[in-house]
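Here's the structure we're looking at; comments come further down.
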Amino acid sequence: MPATAAEALLLDGHRATRDRVARSILDHGPSSAADLAGRLGLTTAAVRRHLDGLTAAGLVESREQRVYGSRGRGRPAKVFALTDGGRDAFYQAYDQLAADALRWISEAAGGGEAGEQAVAAFARARLAKQGEKYQGAVEQADAQQRAEALAQALSADGYAATVRRVPSAAAAPAAPAGAQLCQHHCPVAHIAEQFPQLCEAETEVFSQLLGTHVQRLATIAHGDGVCTTYVPASGAAPSSSRTPGAVPPAGTSPNETGSTARRNLA
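Following this note's numbering, the numbering of the sequence shown begins with 92 at its first residue and continues without gaps.
Okay, structure coming up:
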């Protein structure tokens with residue numbers, strides 16, 4: 092095999108493995124080199140080489156791992172997360188076409204408030220249709236596992252969703268845990284930056300599917316690393332007192348949740 096052909100083959104293999112590393116971060120959220128090595132069947136040293144390349148390309152960034160509860164001695168582990176550019180490399184939606192279409196809907200309705208309502212109506216219709224796909228899977232799950240069922244359905248549509256159980260805002264130690272539904276990827280993030288009605292409609296659909304009022308804590312469209320929705324535990328009662336690091340109860344003003352949301356992101 093000519094040297095140039097061998098080099099090209101080696102380069103293709105390297106690129107494919109690098110893509111697997113980035114895809115694993117997309118699917119599972121911020122990950123350490125050891126986590127990635129275990130999931131992909133690679134050595135930690137090999138993973139670090141690919142992470143160095145992804146970081147140099149501006150596709151991945153490192154950060155300290157967030158620790159919940161008491162932390163042992165030593166520095167927190169370093170984890171790697173996709174940058175906005177890294178997300179874009181995975182999914183190139185027809186952003187301009189979609190933005191133009193939504194803008195046309197708004198202008199055709201007269202612009203202003205009427206235009207915003209027209210875009211909201213489109214967003215609700217679109218997300219309602221998407222929600223119909225998930226309804227069966229969610230309804231078949233036990234009440235306490237519906238968030239996980241929804242996450243699996245979302246992941247099948249490319250949203251790389253996970254669920255993390257979190258302490259209730261109630262002060263009682265035995266209070267049931269709520270859940271954070273985290274979407275590590277959003278195919279329409281760039282459009283949602285211009286048309287937040289898409290995020291609002293999605294939150295409404297989540298509430299309908301899960302049978303409870305949910306609270307959107309963060310969105311990729313607004314610069315957060317993960318779209319995060321708080322799902323209160325079944326039967327959990329809101330509490331005005333908060334324990335350190337607790338998730339705010341559903342219905343709390345979004346202005347009060349900014350720093351809490353970022354503390355709780357996976």
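For every residue, glycine included, the Cβ atom is placed at its ideal position computed from N, Cα and C.
Only a predicted model underlies this, so the values are computations on that prediction, with no experimental measurement involved.
Legend entry - Runs of alpha helix (DSSP H) wholly within the segment 108-176 (minimum 4 residues, chain order): 124-131, 135-147
Inset, instruction - Kindly indicate the opening and closing residues of the beta strand (DSSP E) around Q271. - result: 269-274
Legend entry - Alpha-carbon spacing of A232 relative to L133, whole angstroms: 35 Å
Inset, instruction - Closer than 6 Å by C-beta to E284: which residues in its own chain qualify, once you throw out the five before and the five after it? Chain order, please. - result: A312
Inset, instruction - Between the Cα of A180 and those of E223, V151, G269, Q226, spot the shortest distance and give me the residue it belongs to. - result: V151
Inset, instruction - In angstroms with no decimal places, state the Cα-to-Cα distance between L308 and T320. - result: 6 Å
Inset, instruction - With DSSP as the reference, please indicate the residues paired to V254 in a beta bridge. - result: L272
Legend entry - Any 3 or more C-beta pairs closer than 8 Å across the segment 278-296 and the segment 227-243: no
Inset, instruction - Please confirm whether V170 and L145 have their CB atoms less than 8 Å apart. - result: no
Inset, instruction - Measure the Cβ-Cβ separation of A268 and V257 and say whether it is below 8 Å. - result: yes
Inset, instruction - Name the residue from E198, A228, L301, E291 whose alpha carbon lies nearest to the alpha carbon of R217. - result: E291
Legend entry - Residues near R215 in its chain [Cβ-Cβ closer than 6 Å; skip 5 each side]: A292
Inset, instruction - Report the residue from Q221, G203, H276 whose alpha carbon sits nearest the alpha carbon of G176. - result: H276
Inset, instruction - Could you pull out every residue in the same chain whose Cβ sits closer than 6 Å to the Cβ of Y159, ignoring the five residues on either side in sequence? - result: Only weak support exists for where Y159 lies, its pLDDT of 45 falling under 50; the value from the coordinates is given anyway. For Y159, where only same-chain residues beyond five positions count, there are no Cβ hits under 6 Å.
Legend entry - Environment of A262 [buried if 16+ CB atoms lie within 10 Å]: In this predicted model, A262 has a pLDDT of only 45, less than 50, meaning its place in the structure is not dependable enough to derive any value.
Legend entry - C-alpha gap between C273 and C318, whole angstroms: 6 Å
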